[in-house]
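Here the structure is laid out as structure tokens; the discussion comes afterwards.
Protein chains: 4
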Amino acid sequence: MKTLLEGRRAEIEASFAKQGLMRIFQASINKLEHGALEISMPYSDAVSQQHGFFHGGAIGALADTACGYAAISMIGEDEAALTAEYKINLLAPADGDRLIAVGSIIKSGRTLIVCQGDVFIEKDGKRKLCAFMLMTMCVVKNLEHK
Amino acid sequence: MKTLLEGRRAEIEASFAKQGLMRIFQASINKLEHGALEISMPYSDAVSQQHGFFHGGAIGALADTACGYAAISMIGEDEAALTAEYKINLLAPADGDRLIAVGSIIKSGRTLIVCQGDVFIEKDGKRKLCAFMLMTMCVVKNLEHK
Amino acid sequence: MKTLLEGRRAEIEASFAKQGLMRIFQASINKLEHGALEISMPYSDAVSQQHGFFHGGAIGALADTACGYAAISMIGEDEAALTAEYKINLLAPADGDRLIAVGSIIKSGRTLIVCQGDVFIEKDGKRKLCAFMLMTMCVVKNLEHK
Amino acid sequence: MKTLLEGRRAEIEASFAKQGLMRIFQASINKLEHGALEISMPYSDAVSQQHGFFHGGAIGALADTACGYAAISMIGEDEAALTAEYKINLLAPADGDRLIAVGSIIKSGRTLIVCQGDVFIEKDGKRKLCAFMLMTMCVVKNLEHK
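Protein chains in written order, with the numbering used here: chain A, 4 to 149; chain B, 4 to 149; chain C, 4 to 149; chain D, 4 to 149.
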């Protein structure tokens with residue numbers, strides 16, 4: 004199994020820290036490997052919808068971020084990767100204390116990287132799958148991805 | 004053309020106001036009709052990614068909200084509608100001052116409502132399409148949608 | 004683990020046999036369980052595109068069918084299920100002798116069943132993942148699904 | 004408005020004619036312009052599902068083909084375009100005599116072309132929207148797309 008490029012971990016952590024959306028979500032990186040990322044965020048007013056659950060848009064945003072950095076963890080030194088598109092199915096009400104998004108790679112090609120995002124809701128210590136994302140990243144040359 | 008149910012406008016405005024995510028985004032409703040909603044938000048740190056553009060996840064969240072309420076504007080008095088799934092294509096970097104999401108209806112069925120979301124980025128007074136969403140809402144009975 | 008409803012296997016086999024598209028594809032059911040279906044088809048002119056590979060639309064159609072019957076294998080006696088929507092990512096050129104689609108269940112709800120379709124291309128006895136589908140079935144009452 | 008590249012019409016017609024799937028569908032090109040394609044097919048056993056309607060997979064395949072060639076009509080002389088992914092919502096039972104798919108362009112970029120597919124069912128001379136596709140083509144260099 005491949006490992007993260009030298010310096011890539013620090014790059015991704017610095018990039019993640021620059022995302023205002025992730026800061027306002029109080030999101031943090033739990034695990035980062037070559038082609039895999041887990042991030043999570045606590046429930047807060049900032050990510051809520053009208054019933055007091057996690058907002059579907061916040062769920063999508065967390066999964067998008069997890070998938071995006073999972074792809075970025077695999078690309079070459081002179082490459083960047085941008086989100087081309089994503090689809091998410093919301094599977095259950097996201098009623099809980101914490102949301103966890105796990106990004107992984109279905110297929111890594113030269114131009115496109117196809118990612119899978121599994122999103123879990125945690126309530127009283129129990130995890131349940133609450134959303135599933137399928138997304139496409141587009142690899143480009145010479146764009147700062149930090 | 005049909006018009007909004009009596010009281011539905013006030014319901015949607017109250018529901019929107021309860022969404023913590025929309026408040027943190029500083030989003031507001033610009034236009035609300037039967038089957039159509041326009042919402043917008045200014046650029047701010049809260050919706051940013053690492054390059055200082057609107058975060059793809061925030062774009063998805065705004066479009067999801069616009070499509071969702073466009074569907075809710077059409078359902079019956081005793082019905083609610085939940086997001087089943089959405090897909091979004093990001094078409095251009097969302098580099099600008101303001102993001103506008105327009106939700107409209109492709110097809111309204113008894114159980115499923117299929118919506119379209121057009122997202123525009125505004126910079127120096129010019130609007131440009133920057134994302135396109137296709138989403139499915141599921142109509143249910145007896146769930147408070149306020 | 005649940006098993007197929009009495010008679011459901013025969014129903015699905017009869018329904019599959021009635022699909023002209025599957026006949027023209029020379030597709031057959033390899034495996035059928037509660038919530039899981041595998042079907043396959045040989046390469047032929049009927050499923051080809053301009054380069055002599057399997058047509059992306061034929062790949063989608065096979066995966067749609069695998070996912071659809073995987074969902075139908077789980078529903079109640081008086082229920083039917085219809086395809087609401089599907090998304091497919093084509094991961095590699097489908098250059099081979101045989102295409103295999105495996106439908107399985109991500110989440111089964113009262114109204115919606117979310118399915119996953121893994122499509123493999125077989126060449127000289129080796130299997131490779133060549134497409135991935137995420138799809139939504141809508142469960143309805145009182146519609147003949149045979 | 005741009006027009007088709009010299010020779011591109013003949014190339015697309017020849018490529019379409021080579022697709023065994025389109026032949027078995029008895030599909031034909033009705034209209035071809037720069038960035039827009041309309042194709043149609045009659046109802047036949049070859050495209051049927053178990054209830055005698057057009058098969059959802061055949062609907063997807065026709066829309067995929069319409070979108071694909073709409074994108075190919077716009078690319079440069081030395082370029083080819085491959086389907087990266089597509090999503091389709093089935094909006095109504097495709098119960099009719101003829102299916103018409105119209106492919107058009109939402110956004111054309113250097114690497115990705117995002118297309119829209121509107122699919123209509125025609126019965127007794129009346130057209131009704133029955134499916135909507137959102138798809139992504141990936142532009143590549145030096146691949147024969149004929």
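All residues carry an ideal CB built from backbone N, CA and C; glycine is no exception. Just so it is clear, the structure is predicted and the values come from calculations on it, not from any experiment.
Are the C-beta atoms of D:E88 and some chain A residue less than 8 Å apart?
-> By one-based count along the fourth sequence, residue 88 of chain D stands at place 85. Interface residue, yes.
Length-filtered (3 minimum) beta strand (DSSP E) runs lying within the region 34 to 116 of chain A | 39 to 45, 82 to 93 and 101 to 111
Tell whether a beta-carbon distance below 8 Å holds between B:K90 and B:M140.
-> Position 87 of the second sequence holds residue 90 of chain B. Position 137 of the second sequence holds residue 140 of chain B. Not in contact: B:K90 and B:M140 (Cβ atoms no closer than 8 Å).
Per-residue DSSP class, three states only, for C:L7 | To locate residue 7 of chain C, count along the third sequence from 1; it is residue 4. Coil.
Provide the residue(s) that pair with D:K129 in DSSP beta bridges, ordered along the chain.
-> Taking the first residue of the fourth sequence as 1, we reach residue 129 of chain D at position 126. BP columns for D:K129 point to D:K126.
Whose CA, out of A:Q52, A:Y72 and A:I75, lies closest to the CA of B:D67?
-> Here residue 67 of chain B corresponds to residue number 64 of the second sequence, with the count starting at 1. Considering only alpha carbons, the answer is A:Q52.
Same chain, Cβ closer than 6 Å to A:G99, neighbours up to 5 away in sequence not counted = The residue given as residue 99 of chain A occupies position 96 in the first sequence. These residues qualify, in order along the chain: I124, E125 and K126.
Distance, Cα to Cα, D:V142 vs B:H37?
-> Here the question's residue 142 of chain D lines up with position 139 in the fourth sequence. Here the question's residue 37 of chain B lines up with position 34 in the second sequence. In a straight line, the C-alpha of D:V142 is about 39 Å away from that of B:H37.
Exposure of D:D121, with buried meaning 16 or more beta-carbon neighbours within 10 Å | The sequence position of residue 121 of chain D within the fourth sequence is 118, counting from 1. With 16 or more Cβ atoms within 10 Å of its Cβ, D:D121 is classed as buried.
Taking buried to mean at least 16 other C-beta atoms within 10 Å of its own C-beta, is D:E9 buried or exposed?
-> Translated into positions along the fourth sequence, residue 9 of chain D becomes position 6. With fewer than 16 other Cβ atoms within 10 Å, it is exposed.
Any beta-carbon of chain D closer than 8 Å to the one on B:K144?
-> Taking the second sequence and counting its residues from 1, one reaches residue 144 of chain B at position 141. Output row for B:K144: interface = no.
Residues in the region 115 to 134 of chain C with C-beta within 8 Å of chain D's C-beta atoms, listed in sequence order?
-> none
To the nearest angstrom, how far is it from the Cα of A:C118 to the Cα of D:G128?
-> Position 115 of the first sequence, counted from the start, is the residue given in the question as residue 118 of chain A. Position 125 of the fourth sequence, counted from the start, is the residue given in the question as residue 128 of chain D. When rounded, the distance between both Cα atoms is 44 Å.
From the beta carbon of C:L102, is the nearest beta carbon of chain A less than 8 Å away?
-> One-based indexing of the third sequence puts residue 102 of chain C at position 99. No, C:L102 does not count as interfacial toward chain A.
Between B:M138 and B:T86, is the Cβ-Cβ spacing less than 8 Å?
-> Here residue 138 of chain B refers to the residue found at position 135 of the second sequence. Here residue 86 of chain B refers to the residue found at position 83 of the second sequence. Cβ atoms of B:M138 and B:T86: closer than 8 Å.
Contacts of B:C70 in chain C (Cβ-Cβ under 8 Å) | Position 67 of the second sequence, counting from 1, holds the residue named residue 70 of chain B. Within chain C, no residue comes near B:C70; the closest Cβ sits about 14 Å away, beyond 8 Å.
Considering only residues of the same chain and omitting the five flanking positions on each side of C:Y72, which have a CB-CB separation below 6 Å?
-> To locate residue 72 of chain C, count along the third sequence from 1; it is residue 69. Cβ within range, chain order: I15 and L40.
Would C:G63 pass as a contact of D:A83 if the rule is Cβ separation under 8 Å?
-> The residue given as residue 63 of chain C occupies position 60 in the third sequence. The residue given as residue 83 of chain D occupies position 80 in the fourth sequence. Their beta carbons are not under 8 Å apart, which means C:G63 does not touch D:A83 by this criterion.
Expected contact under 8 Å - CB spacing of B:L132 and A:G60 to nearest Å | Locating residue 132 of chain B in the second sequence gives position 129, where the first residue counts as 1. Locating residue 60 of chain A in the first sequence gives position 57, where the first residue counts as 1. That belief does not hold up - the Cβ atoms of B:L132 and A:G60 are roughly 19 Å apart, past 8 Å.
Would you report the Cα separation of A:A17 and C:N92, rounded to the nearest angstrom?
-> Stepping through the first sequence from its first residue, residue 17 of chain A is reached at position 14. Stepping through the third sequence from its first residue, residue 92 of chain C is reached at position 89. Those two C-alpha atoms are separated by around 31 Å.
Under 8 Å from the C-beta of C:I109: neighbouring residues of chain A = Reading the third sequence from its first residue, position 106 is the one you call residue 109 of chain C. Within 8 Å Cβ-Cβ: N92, L94, L132 and F135.
Proximity below 8 Å, CB of A:G112 to CB of A:A69 | Here residue 112 of chain A refers to the residue found at position 109 of the first sequence. Here residue 69 of chain A refers to the residue found at position 66 of the first sequence. Result no, Cβ atoms of A:G112 and A:A69 do not sit closer than 8 Å.
Taking Cβ-Cβ distances shorter than 9 Å, what residues in chain D pair up with B:T6?
-> Walking along the second sequence from the start, residue 6 of chain B turns up at place 3. Residues of chain D passing the Cβ test: none, with the nearest at roughly 23 Å.
What whole-angstrom Cβ distance do D:K218 and B:L94 have, given they're in contact under 8 Å?
-> Residue 218 of chain D lies beyond the residue range present for chain D, which begins at 4 and ends at 149; the question has no answer from this structure.
On the premise that D:A49 lies in contact with D:I27, defined as a C-beta separation below 8 Å, what is that separation, rounded to the nearest angstrom?
-> Within the fourth sequence, the letter at position 24 stands for residue 27 of chain D. Within the fourth sequence, the letter at position 46 stands for residue 49 of chain D. That belief holds up - the Cβ atoms of D:I27 and D:A49 are roughly 5 Å apart, short of 8 Å.
Could you tell me if D:A13 is buried or exposed, where buried requires 16 or more neighbouring beta carbons within 10 angstroms of its beta carbon?
-> For the purposes of this step, residue 13 of chain D is taken as residue 10 along the fourth sequence, with counting starting at 1. Flag for D:A13 reads exposed.
Does B:A97 have its Cβ less than 8 Å from a Cβ in chain A?
-> Translated into positions along the second sequence, residue 97 of chain B becomes position 94. Not an interface residue.
Could you tell me the distance, in whole angstroms, from the CA atom of C:K5 to the CA atom of A:A104?
-> Your numbering for residue 5 of chain C matches position 2 in the third sequence. Your numbering for residue 104 of chain A matches position 101 in the first sequence. Their Cα atoms are separated by approximately 29 Å.
When the distance is taken between beta carbons, is D:A74 closer than 8 Å to D:I42?
-> For this step, residue 42 of chain D is matched to residue 39 along the fourth sequence. For this step, residue 74 of chain D is matched to residue 71 along the fourth sequence. No; because the gap between Cβ atoms is not below 8 Å, this pair is not in contact.
Chain A contact for D:E147 (CB, 8 Å cutoff) | Position 144 of the fourth sequence, counted from the first residue, corresponds to residue 147 of chain D. Because D:E147 sits at a pLDDT of 49, beneath the cut-off of 50, its placement in the model cannot be relied upon, and the following sentence gives the value as read from the coordinates. False, the Cβ-Cβ gap to chain A never drops below 8 Å.
Sequence-distant residues of the same chain with beta carbon closer than 8 Å to B:E80, five excluded per side | Taking the first residue of the second sequence as 1, we reach residue 80 of chain B at position 77. Excluding positions up to five away in sequence, the list reads L8.
Whose CA, out of C:T114, C:F57 and C:L102, lies closest to the CA of C:R130?
-> Numbered from 1 along the third sequence, position 127 holds the residue referred to as residue 130 of chain C. It is C:L102 whose Cα lies nearest to the Cα of C:R130.
Can you pull the DSSP bridge partners for A:A134?
-> Reading the first sequence from its first residue, position 131 is the one you call residue 134 of chain A. BP columns for A:A134 point to A:L93 and A:V122.
Anticipated Cβ contact below 8 Å, D:S1 with D:L35, distance rounded = There is no way to answer for residue 1 of chain D, as the model of chain D reaches only from 4 to 149.
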